[in-house]
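Each protein sequence line maps, in turn, to chains A and B. Per numbering that gives the first Met the number 0, residue 0 is the first one in the first sequence, and the count goes up by one each step. Per numbering that gives the first Met the number 0, residue 0 is the first one in the second sequence, and the count goes up by one each step. All residues carry an ideal CB built from backbone N, CA and C; glycine is no exception. Keep in mind that this is a model prediction, so the values were computed, not measured.
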Amino acid sequence: MAEMWINMGPQHPMTHGLWNLRIKVDGETITDAEPVIGYLHRGWEKMVEDRRYPQIIPMADRLCYGSSFTWSHVYCMAAEDLMGVEVPERAKWIRAMSDELQRIGNHLMWLAAIGPDLGNLTIFLYAIREREAFLDLFQSLCGARMTYNYCRIGGVRNAAPPNWERDVLRTLDYFEKRLDEYEDLVDRNKVFRMRMEDLAPLPAKEAINLGFTGPTLRASGVKYDIRHNDPYEIYDQVDWHMCTADEGDTYARYRVRMDEMRMSVQIVRDILKKMPKDGPIRVKPPRTAPAGTGFARMEDPRGESLIYIASDGTDKPFRVKVRSPLFVILSGAKVLLKGYKVADVPSIMGMVDVCMGETDR
Amino acid sequence: MYLDIWQFLGGLVHWLLVDIIGAFVGWLGFHGLEGWLGSPGVLNFVTILLVALIVFVVGMLISITLIWQERKTLGRLMDRRGTQVGPIGLFQNFADGLKVLVKEHIVPEAADSLVYNAAPVIIIGTSLAMFVTLPYSPGFYVSNSELGVLLTLALFGIVPFAVLLGGWASNNKYTLIGGMRAAAQIIAYEVPLLLSVVGVIILTGSLNFFEIVQWQQENIWLIAPMIIGAIVFTISMVAELERAPFDLPEAEAELVEGWGTEYGGMRFGLIMMSEYARGFVGSSIITLLFLGGWDMPDFLNFIPVGLWFLLKMFMVFGIIIWIRGALPRFRTDQLLHLGWRRLLPLAAINIAIAIVFKTMGWF
Chain A
0 MAEMWINMGP
10 QHPMTHGLWN
20 LRIKVDGETI
30 TDAEPVIGYL
40 HRGWEKMVED
50 RRYPQIIPMA
60 DRLCYGSSFT
70 WSHVYCMAAE
80 DLMGVEVPER
90 AKWIRAMSDE
100 LQRIGNHLMW
110 LAAIGPDLGN
120 LTIFLYAIRE
130 REAFLDLFQS
140 LCGARMTYNY
150 CRIGGVRNAA
160 PPNWERDVLR
170 TLDYFEKRLD
180 EYEDLVDRNK
190 VFRMRMEDLA
200 PLPAKEAINL
210 GFTGPTLRAS
220 GVKYDIRHND
230 PYEIYDQVDW
240 HMCTADEGDT
250 YARYRVRMDE
260 MRMSVQIVRD
270 ILKKMPKDGP
280 IRVKPPRTAP
290 AGTGFARMED
300 PRGESLIYIA
310 SDGTDKPFRV
320 KVRSPLFVIL
330 SGAKVLLKGY
340 KVADVPSIMG
350 MVDVCMGETD
360 R
Chain B
0 MYLDIWQFLG
10 GLVHWLLVDI
20 IGAFVGWLGF
30 HGLEGWLGSP
40 GVLNFVTILL
50 VALIVFVVGM
60 LISITLIWQE
70 RKTLGRLMDR
80 RGTQVGPIGL
90 FQNFADGLKV
100 LVKEHIVPEA
110 ADSLVYNAAP
120 VIIIGTSLAM
130 FVTLPYSPGF
140 YVSNSELGVL
150 LTLALFGIVP
160 FAVLLGGWAS
170 NNKYTLIGGM
180 RAAAQIIAYE
190 VPLLLSVVGV
200 IILTGSLNFF
210 EIVQWQQENI
220 WLIAPMIIGA
230 IVFTISMVAE
240 LERAPFDLPE
250 AEAELVEGWG
260 TEYGGMRFGL
270 IMMSEYARGF
280 VGSSIITLLF
290 LGGWDMPDFL
300 NFIPVGLWFL
310 LKMFMVFGII
320 IWIRGALPRF
330 RTDQLLHLGW
340 RRLLPLAAIN
350 IAIAIVFKTM
360 GWF
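Right, here's the structure in full:
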């Protein structure tokens, strides 16, 4: 068969969103790949230039449907940096706890998505079922299930409802049992292992050079996690450790994410133990920001997310720049895919947890 | 013993054509027509038509039930309910059939319309033709051929060829890759599939389904001595049916809908239907060759033999559904690896075991 270009996307079952992966195949073997991003471009960075600072929070939620809290969180941190607002202690703990619950929910979404990618629908429905429990937690926390609009510049919107701690602990106990079940279904399944092991291994040096962050980088054996290397909020007071793997292949990426879910469970339990039970949760931010720049970065479920705000002294930002972890990772598609089969495309690209909302912005 | 379907329908047709219509025509005075209606050729032809019609309808109904069984079982495995239309979801398939029936019939402009239209005909035709060789019970069958096993397996081999043709003719890159995968896949599983049957043939000394079942009734269900062969045959049969985890030609994750991407409307519906018809035939072959067909323990004699056979067949298909619920899809090279380096040696070992049993005269 002669070589040909195949457009996988913009509307294709592999893509988890709207983007176009062009691959050049020789028979079944991929010889070249080119990600084409821009189909879902909404002009997010331009849109927010016409909104006042608090109005951008729900916009930041919509950067990614899977991990909307972390995006509004990183935006609020950048705005606080710009305005010089000091967040109350209790709000920091609540934010970190919501971050970790969001991380579990997002990783469950990822676990659900790789099931159909590999050709098994069972794991999809199992993971979605457990994600529901975490969506219910968020619903009782802030009333919304997907886009929370919960973080505020200078704190969070409201304190946790009564019985929150009991509900969270129950959910985590239930979830840990289910996590064992998933590992029975996937890790002890020879065919899953065959599809994932030795697939697209990436040495640490190359992963760093490509600018990868997050679980994809840690799977290559690089010990880099913003929560550890540049602790924000209260992560330096929590008992946790970084999850890494050495192999750098698809299975290692899978393992790191599964371990991170367990680690998030541990972090949430620790936070509930150490969290101050009363105190202010919010301070009032100024309406206009001083001229200057604000900057914040944090560990998104997908990698390092970063927001940079430039202000000209009005109540609207002059320019907002979003650094999406996935935009960088997708640019490595050619390196990841070259030499593998067409059947490996969904498993390799699905394993980095594609979310186009934050990538295209 | 139940009445043979051929004897029953033959008697019915004779009564209808000779005693009712023939007598009436004779009373009118058309003695030539009466003689023609009563001639053996006409009686035989009408009987064949009736038997074929009944077996076709029964086979299609069982195939629809298999779709329902799959949707329900898979739903339960995935912690959901499955189909909901009608009592215990039984009418969902008819609703789906009605839906695809009213869809527009589109042929892609750049497709080779002759081959594009011919491929589903070949697939559906050969799938339904396999009902012919299948005995449900000693009295319910269409043909009692000496080479029934061989004929059924040969008919199975035609479908991947038609898949390749259809995928190629659709003039779409996904369908082309899907069709090529079907061609690559047939190399992987066809040889172990046939070799694992050889053990059965050696022990029973026959290629006739009735004689194989009779041998098992007299001796032992073949799954006991031929356990390796049964496993190899089941795995190869799942690949032959192109069901998960071997549904490479229609890998929906990377190839949209695989070779069938460009087939819509009732063509899609009938192709799906014929997949389950083949699923029915495949499970039936496993039942007949390894699980004793309609053979049952004596204390269960009150169950009709045909129903007992179908119960076993549903059980075998249930296992195939379970495999689908538990495993992800193989890759083409992994399937070739599995076929040639795992299943083929096992099939050879199975033949050796069969030869040992035969020469020692244990069975």
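Your pair residue 343(B) and residue 191(B) checks out as a contact, with CB atoms roughly 5 Å apart and the cut at 8 Å. In summary, residue 270(A) is buried, with 16 or more beta-carbon neighbours lying within 10 Å of its beta-carbon over all protein chains present. A Cβ-Cβ contact shorter than 8 Å links residue 62(A) with residue 356(A).
With contacts defined by Cβ atoms closer than 8 Å, residue 172(A) and residue 136(A) do not form a contacting pair. Your pair residue 316(B) and residue 244(B) does not check out as a contact, with CB atoms roughly 16 Å apart and the cut at 8 Å. If you look at residue 29(A), you'll find it in the beta strand (DSSP E) that goes 28–35. In terms of beta-carbon proximity, residue 125(A) lines the interface with chain B, with at least one pair separated by less than 8 Å. The beta-carbon of residue 324(B) is placed less than 8 Å from the nearest beta-carbon of chain A. Against chain B, the CB of residue 12(A) has a partner CB under 8 Å away; the residue lies at that interface. Nearest to residue 126(B) by alpha-carbon distance, out of 295(B), 111(B), 105(B), 280(B), is 280(B). Distances from the CA of residue 148(A) to each of 280(A), 74(A), 330(A), 57(A) were compared; the closest alpha carbon is that of 57(A).
With respect to the C-alpha of residue 301(A), the residue from 319(A), 252(A), 177(A) having the closest C-alpha is 252(A).
In the structure shown, residue 23(A) adopts extended strand secondary structure according to DSSP, grouped into three states. The segment 212–227 of chain A makes contact with the segment 237–257 of chain A, as at least three CB pairs between them are under 8 Å. Residue 93(B): member of the alpha helix (DSSP H) spanning 91–100, first to last residue. Under a 10 Å Cβ-count criterion, residue 105(A) is classified as buried, with 16 or more other Cβ atoms of the shown protein chains found around its own Cβ.
Partner residues in the beta bridge of residue 299(A), as assigned by DSSP, are 302(A).
Nearest Cα to residue 212(A) within the set 318(A), 39(A), 183(A), 326(A): 326(A). Our two residues, residue 354(A) and residue 65(A), have alpha carbons roughly 8 Å apart in a direct line. Under the three-pair Cβ rule at 8 Å, the segment 42–61 of chain A does not count as touching the segment 256–273 of chain A. The C-beta of residue 91(A) has 16 or more other C-beta atoms within 10 Å across all chains shown, which makes the residue buried.
Taking a Cβ-Cβ cut-off of 7 Å, the neighbours of residue 333(B) in chain A comprise 193, given in sequence order. Under the 8 Å criterion on CB atoms, residue 242(B) is classed as non-interfacial with respect to chain A. Taking 7 Å as the cut-off between beta carbons, the residues of the segment 241–260 of chain B near chain A are 243, 244, 250, 251, 252, 253, 255, in sequence order. The Cβ atoms of residue 28(B) and residue 268(B) lie no closer than 8 Å to each other.
Between residue 211(B) and residue 164(B), the C-beta spacing is not below 8 Å. A direct Cα-to-Cα measurement between residue 289(B) and residue 220(B) gives close to 6 Å. Listed along chain A, the residues sitting closer than 9 Å to residue 329(B) by beta-carbon distance are 118, 190, 193, 194, 342. Taking 8 Å as the CB threshold, residue 176(B) lines the interface with chain A. Pairing residue 263(A) with residue 103(A) gives a Cβ-Cβ distance under 8 Å. The C-beta distance from residue 172(B) to residue 3(A) rounds to 6 Å, short enough to fall under 8 Å. At a beta-carbon threshold of 7 Å, the residues of chain A lying near residue 79(B) are 124, ordered along the chain. Taken in chain order, no unbroken stretch of beta strand (DSSP E) lies wholly in the segment 236–282 of chain B with a span of 3 residues or more.
Judged by their CB atoms, residue 293(B) and residue 304(B) are nearer to each other than the 8 Å cut-off. In this structure, the straight-line span from the alpha carbon of residue 69(A) to that of residue 210(A) is close to 20 Å.
Under the 8 Å criterion on CB atoms, residue 71(B) is classed as non-interfacial with respect to chain A.
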